[in-house]
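Sequential numbering from 162 applies to the sequence shown in the numbering used here.
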Amino acid sequence: MAKQEIEKKISQSENNNRSDELIELEQELTTINPRIFQGVTPKKKEEILKSISVTMIQERSHSGPLPDADTLIRYNSVIPEGADRIMKMAERQQEHRMSLETKVVNSQSKQSGLGQWFGLIIGLVGIGCGTFLAYSGETTVGGIIAGGTVVSLVSVFVIGKSLQKSQN
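Take a look at the structure:
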């Protein structure tokens with residue numbers, strides 16, 4: 162689609178929106194005071210509404226991945242199937258985000274399992290070495306190594322659990 166055609170559609174959309182705004186403004190004003198335009202010619206009424214609509218401030222806020230319905234309708238009037246393209250883009254983004262979250266959860270689960278296995282291996286080796294040294298006659302050194310291994314592993318688990326609780 163040529164740039165001029167797109168600009169023309171945007172201009173038409175803006176003109177339609179402007180006339181809709183004038184109608185809406187007129188309705189709001191007549192709701193407040195039903196006799197406000199009594200005795201005013203239609204041309205003068207349009208001039209008044211245009212001058213008011215220029216000074217009127219409209220604020221819209223939006224939260225979320227998708228624009229509101231009015232904006233989607235405007236996209237459709239400017240870009241063929243624009244709203245559908247935006248919806249598909251949001252769906253793909255959500256699928257991507259969910260895929261990443263699944264990968265992160267699986268990775269953390271594997272990492273946690275590996276940590277437990279390595280902790281078990283370190284614990285068994287430490288206690289085994291301490292027991293061997295104690296059996297060989299080095300009871301003090303064997304006790305320090307075996308006891309230190311147990312104290313270290315217990316402290317790692319306790320600190321890890323307290324960190325998990327504080328993060329949640």
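From the three backbone atoms N, C-alpha and C, an ideal C-beta is built for every residue, glycine too.
Among the options, which one has its Cα closest to the Cα of residue i?
i      : options                           : result
Lys211 : Val302, Ser180, Ser238 and Ala251 : Ser180
Ala251 : Pro226, Tyr236 and Ser268         : Pro226
Pro314 : Ser238, Leu281 and Arg235         : According to the sequence shown, residue 314 is Leu rather than Pro. Taking only the C-alpha atoms, the option nearest Leu314 is Leu281.
Gln213 : Ile320, Leu233 and Leu183         : Reading off the sequence shown, one finds Ile at residue 213, where the question assumed Gln. Ranking Ile320, Leu233 and Leu183 by Cα distance to Ile213 puts Leu183 first.
Glu208 : Leu186, Gly291 and His223         : Leu186
Ser273 : Gln188, Val201 and Gln325         : Gln325
Val312 : Gln328, Tyr296, Asn267 and Ile283 : Ile283
Gly289 : Glu220, Gln199, Gly308 and Lys271 : Gly308
Phe144 : Gln277, Gln255, Ser327 and Gly287 : Given that the chain is displayed from residue 162 to residue 329, the structure contains no residue 144 and the question cannot be resolved.
Around the C-beta of residue i, are 16 or more other C-beta atoms found within 10 angstroms, so that it is buried, or is it exposed?
i      : result
Arg246 : exposed
Arg235 : buried
Ile306 : buried
Gly321 : exposed
Thr310 : buried
Ile193 : exposed
Gly291 : buried
Gly303 : buried
My understanding is that residue i touches residue j, with C-beta atoms under 8 Å, so please give their C-beta distance in whole angstroms.
i      : j      : result
Asp229 : His223 : 6 Å
Flag residue i as yes if its beta-carbon sits less than 8 Å from any beta-carbon of chain D, otherwise no.
i      : result
Phe198 : Within the model displayed, chain D is absent; a lone protein chain is all it includes.
Which runs of the beta strand (DSSP E), 3 residues or longer, sit entirely within the segment 240-308? none
Whole alpha helix (DSSP H) elements within the segment 199-238, 4-residue minimum: 203-216
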